[in-house]
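All residue numbers for the sequence shown refer to this note's numbering, where the first residue is 238 and numbers rise by one. Cβ coordinates follow ideal geometry from the N, Cα and C atoms, glycine included. Worksheet: one structure, shown below.
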Amino acid sequence: MHFCLTGQYTPRALNAILENPTTNRQEAARKLIEAAGGKLISMYSVAADGPGVLVIFDVPDPAAAPAISGLTVTAGTLQNVKLTRLFTQDEIKQVRQNAAKLRSSYSPPGS
Numbered sequence: 238m239h240f241c242l243t244g245q246y247t248p249r250a251l252n253a254i255l256e257n258p259t260t261n262r263q264e265a266a267r268k269l270i271e272a273a274g275g276k277l278i279s280m281y282s283v284a285a286d287g288p289g290v291l292v293i294f295d296v297p298d299p300a301a302a303p304a305i306s307g308l309t310v311t312a313g314t315l316q317n318v319k320l321t322r323l324f325t326q327d328e329i330k331q332v333r334q335n336a337a338k339l340r341s342s343y344s345p346p347g348s
């Protein structure tokens, strides 16, 4: 399952990065994701809402993604973290087919 994690570096993390500007945060992310049985797909630095990061990764266990996210927060690395499940087009096709099958079973409010 693919996930997108975004967040801003905390002031403490930014200070540590400035003290060692050649630090490799991508390698740190890769190590954490691989320890969870996953794979780092891509990682980008972003400037929106303060210096931050956007990471796309794949993990076989959906419970691993919030664990990864939570560790970055509790370690004091990131704040304002958002974790989004990404769906492939094949997965979305299956979702649509399931929704079409279930449609007649649902009664919206006021019906």
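Which of helix, strand or coil DSSP assigns to residue i
{"i": "threonine 311", "result": "helix"}
{"i": "valine 296", "result": "coil"}
{"i": "asparagine 252", "result": "helix"}
{"i": "serine 341", "result": "helix"}
{"i": "serine 306", "result": "helix"}
{"i": "asparagine 257", "result": "coil"}
Rounded C-alpha distance that separates residue i from residue j
{"i": "glutamate 264", "j": "alanine 301", "result": "18 angstroms"}
{"i": "tyrosine 343", "j": "valine 332", "result": "16 angstroms"}
{"i": "leucine 242", "j": "asparagine 252", "result": "22 angstroms"}
{"i": "glycine 290", "j": "asparagine 257", "result": "The sequence as given places valine at residue 290; glycine does not occur at that position. The straight-line gap from Cα to Cα measures roughly 17 angstroms."}
{"i": "glycine 275", "j": "alanine 285", "result": "27 angstroms"}
{"i": "leucine 323", "j": "proline 345", "result": "27 angstroms"}
{"i": "alanine 266", "j": "serine 306", "result": "11 angstroms"}
{"i": "arginine 262", "j": "proline 299", "result": "23 angstroms"}
Cβ-based burial, residue i [other Cβ within 10 Å; buried from 16]
{"i": "valine 296", "result": "buried"}
{"i": "valine 292", "result": "buried"}
{"i": "alanine 250", "result": "buried"}
{"i": "glycine 244", "result": "buried"}
{"i": "threonine 309", "result": "buried"}
{"i": "isoleucine 329", "result": "exposed"}
Whole-Å CB distance - residue i paired with residue j, under 8 angstroms assumed
{"i": "threonine 314", "j": "threonine 247", "result": "7 angstroms"}
CB contact below 8 angstroms: residue i versus chain B
{"i": "serine 282", "result": "In the structure shown, chain B does not exist; there is a single protein chain."}
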